[in-house]
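For reference, the structure is listed below as structure tokens.
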Amino acid sequence: MRKPLKATLWVVGALVALPALTLATTSIVNVVATESDLAAITPYGQRVPVDGREMNAVVSGTGDDTIVLLPGLGTAAPGLDFQPLISELDDTHRVIALEPFGTGLSDQTDAPRTAENIAEEAHQALQGLGVDRYAVMGHSIAGVYALELSRLHPGELTAFIGIDSSVPDQPGWDEPVPTDGLVQLRDLGLLRVASALAGDAYEGMPYDEGAKEQMRLLTTKNSTAPTLLDEMERTPSNFASVSGATFPADLPLLLFVVQDDSDVDGWLGLHERQAASVERGEVVPLEGDHYLHHTQSPRIAAETDRFLDPSS
């Protein structure tokens with residue numbers, strides 16, 4: 053199935069065959085390293101009360117309009133992952149990167165990770181920040197959550213801007229996201245080993261070494277915690293909850309889509325049909341992979357400025 057989840061579920065099968073002594077060693081190293089990792093996490097953003105817990109938000113810029121960034125599934129530190137895009141947008145817009153529960157510096161939660169709950173929590177966080185009119189810019193599975201947000205609070209959204217965003221009834225939507233054994237592999241230290249072997253996932257991208265290190269630390273902290281695992285397991289039911297759904301006809305849609313995607317048949321066409329379902333919809337194909345904002349932030353920001361300009 054495409055795409056709510058980046059390839060953060062590493063190939064670790066071969067590591068499981070390591071001798072018991074090695075596994076004991078990696079387990080001990082993992083415990084010590086995890087404590088060290090938690091101590092090295094540096095606070096950023098601001099905390100907003102939501103449903104008895106606190107959600108972290110990164111707020112930047114002082115523009116007249118507000119763009120709310122929502123991450124894809126498996127993005128362990130959205131406020132940092134979106135930094136290249138924030139830096140391109142915040143000269144002309146107020147930009148708020150929300151870190152849903154279980155990501156970044158936000159609290160964990162035992163509230164079910166349904167699309168409705170995630171959308172409503174985002175609404176509450178924005179209310180806490182004094183924001184009641186905004187464009188949603190969402191990556192991947194955030195396309196599902198934005199649909200739910202537009203159903204629950206249609207008068208708040210001014211536009212939806214998708215970054216290779218998920219669409220209802222896309223091929224493979226009902227395939228489960230594999231989570232079995234991840235906690236055990238984490239506790240054995242094998243995910244840490246696999247991550248080290250994989251190298252720098254952000255090499256050549258516009259992140260400094262400090263940001264990359266913090267994203268690594270928060271990936272270790274969040275990627276196999278209960279909140280994100282619950283969201284992964286509910287992915288098929290969250291897609292089912294928006295089956296056949298469309299955005300309100302009067303809500304403008306700007307959809308950035310990987311132009312040569314080979315993961316899903318007809319990926320570009322799915323977005324063209326979604327754009328055609330509203331009065332003002334545009335699709336912008338871009339070269340790159342699923343995380344277009346890692347490499348195409350200048351183009352995304354320029355097209356967004358044009359699209360949201362009242363005089364255009």
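Take the sequence shown: its letters are residues 53 to 364, numbered as in the working numbering.
Note that beta-carbon positions come from the ideal geometry of N, C-alpha and C, so glycine has one too.
As the structure is a prediction and not an experimental result, all values here were calculated from the model.
>> Applying the 10 Å Cβ sphere with the 16-neighbour rule, what's the burial state of Asp162?
In response: Under this definition Asp162 is an exposed residue.
> From Glu355 to Thr276, what does the alpha carbon distance come to, in whole angstroms?
Replying inline: So the alpha carbons of these two residues sit roughly 36 Å apart.
> Can you list, in chain order, the residues of its chain whose CB lies under 6 Å from that of Glu97, leaving out five sequence neighbours each side?
Replying inline: The displayed chain sequence assigns Gly, not Glu, to residue 97. Close CB contacts of Gly97 within its chain, under the 6 Å cut and outside five residues either way in sequence, are with Asn108, Ala109, Val110, Gly131 (chain order).
>> For a test of the three-state rule: what should DSSP assign to Glu22, helix, strand or coil?
In response: This structure cannot speak to residue 22, because the chain is shown only from 53 to 364.
> How is Met284 classed by DSSP in three states: helix, strand or coil?
Replying inline: Of the three classes helix, strand and coil, the one that applies to Met284 here is helix, per DSSP.
> Would a C-beta distance cut-off of 7 Å place Gly115 and Thr144 closer than the cut-off?
Replying inline: At the C-beta level, Gly115 and Thr144 come within 7 Å of one another.
>> DSSP three-state label for Leu73, please.
In response: Confidence at Leu73 is low in this model, with a pLDDT of 47, below 50, so the placement of that residue is unreliable and no value is reported for it.
> Under the DSSP definition of a beta bridge, which residues are partnered with Glu151?
Replying inline: For Glu151, which the question treats as bridged, DSSP gives the partners Asn108.
> What's the C-alpha gap between Pro123 and Glu331?
Replying inline: Take the alpha-carbon of Pro123 and the one of Glu331: they are about 26 Å apart.
> So, are the CB atoms of Ser192 and Ser158 less than 7 Å apart?
Replying inline: Result no, Cβ atoms of Ser192 and Ser158 do not sit closer than 7 Å.
>> With distance defined between alpha-carbon atoms, name the residue in Thr298, Arg165, Tyr254 nearest to Leu344.
In response: Selected option, being the one with the closest Cα: Tyr254.
> Just the Cα atoms here: how many angstroms apart are Met284 and Leu199?
Replying inline: Taking the straight line from one Cα to the other gives about 18 Å.
> For His175, which three-state DSSP category applies?
Replying inline: Collapsing the DSSP output to three states places His175 in a helix.
>> So Leu270 and Ala128 are supposed to be a Cβ contact under 8 Å. How far apart are they, rounded?
In response: Contact holds; Cβ gap of about 5 Å.
>> Tell me whether the segment 169-181 and the segment 135-152 touch, counting them as touching only if at least three CB pairs, one residue from each stretch, are closer than 8 Å.
In response: Yes: the two stretches touch, three or more of their Cβ pairs being nearer than 8 Å.
>> Using a Cβ-Cβ cutoff of less than 6 Å, which residues in the same chain neighbour Ala353 once the five nearest sequence positions on both sides are dropped?
In response: Spatial neighbours of Ala353 in its own chain (CB-CB distance under 6 Å, excluding positions within 5 residues in sequence) are listed in chain order as Glu140, Leu141.
>> Tell me the rounded alpha-carbon separation between Ile170 and Tyr197.
In response: Going by the C-alpha atoms only, they are around 7 Å apart.
> Going along the chain, which residues of its own chain have a beta-carbon closer than 6 Å to the beta-carbon of Ser329, five neighbours each way excluded?
Replying inline: Thr298, listed in sequence order.
>> Mapping the DSSP letters down to three states, classify Val196 as helix, strand or coil.
In response: DSSP, reduced to helix, strand and coil, places Val196 within a helical segment of the structure shown.
> Thinking just about the alpha-carbon of each residue, which of Leu322, Val188, Gln348 is nearest to the one in Leu209?
Replying inline: The residue among Leu322, Val188, Gln348 with its C-alpha nearest the C-alpha of Leu209 is Val188.
>> Taking a contact to mean a Cβ-Cβ separation below 7 Å, would you say Leu360 touches Glu334 in this structure?
In response: Not closer than 7 Å, so no.
> Sorted by chain position, which residues of the same chain lie with C-beta nearer than 6 Å to Ser293's C-beta, five sequence neighbours on each side aside?
Replying inline: So the qualifying residues of the chain are Ala167.
> Applying the criterion that 16 or more other CB atoms from any shown protein chain within 10 Å of the CB defines a buried residue, is Arg268 buried or exposed?
Replying inline: Arg268 should be labelled buried.
> Assuming Thr118 and Arg99 make a contact with CB atoms under 8 Å, what is their CB distance in whole Å?
Replying inline: Not a contact, Cβ separation roughly 19 Å.
>> Taking the alpha-carbon of Pro136 as reference, which of Gln348, Pro362, Pro278, Ser314 has the nearest alpha-carbon?
In response: Among Gln348, Pro362, Pro278, Ser314, the Cα nearest to that of Pro136 is on Gln348.
> Contact check, Gln222 vs Leu322 under 8 Å by CB: the rounded distance?
Replying inline: Cβ-Cβ separation between Gln222 and Leu322: approximately 6 Å, consistent with a contact (criterion under 8 Å).
> Whole alpha helix (DSSP H) runs in the segment 91-140 with 4 or more residues, listed along the chain?
Replying inline: You should have 130-133.
> Met267 lies in the alpha helix (DSSP H); which residues open and close that run?
Replying inline: Where Met267 is concerned, the enclosing alpha helix (DSSP H) starts and stops at 261-274.
> When you compare only the Cα positions, how much space is there between Thr94 and Arg203?
Replying inline: Going from the Cα of Thr94 to the Cα of Arg203 covers about 36 Å.
> Using the C-alpha atoms, what's the distance from Gln266 back to Val81?
Replying inline: Any reading at Val81 must be qualified, since the residue scores a pLDDT of 45, below 50, and its modelled position is unreliable; the value itself is stated next. Those two C-alpha atoms are separated by around 19 Å.
> Between His346 and Ala301, what straight-line distance do the alpha-carbon atoms span, to the nearest angstrom?
Replying inline: Distance from the CA atom of His346 to the CA atom of Ala301, rounded to whole angstroms, is 30 Å.
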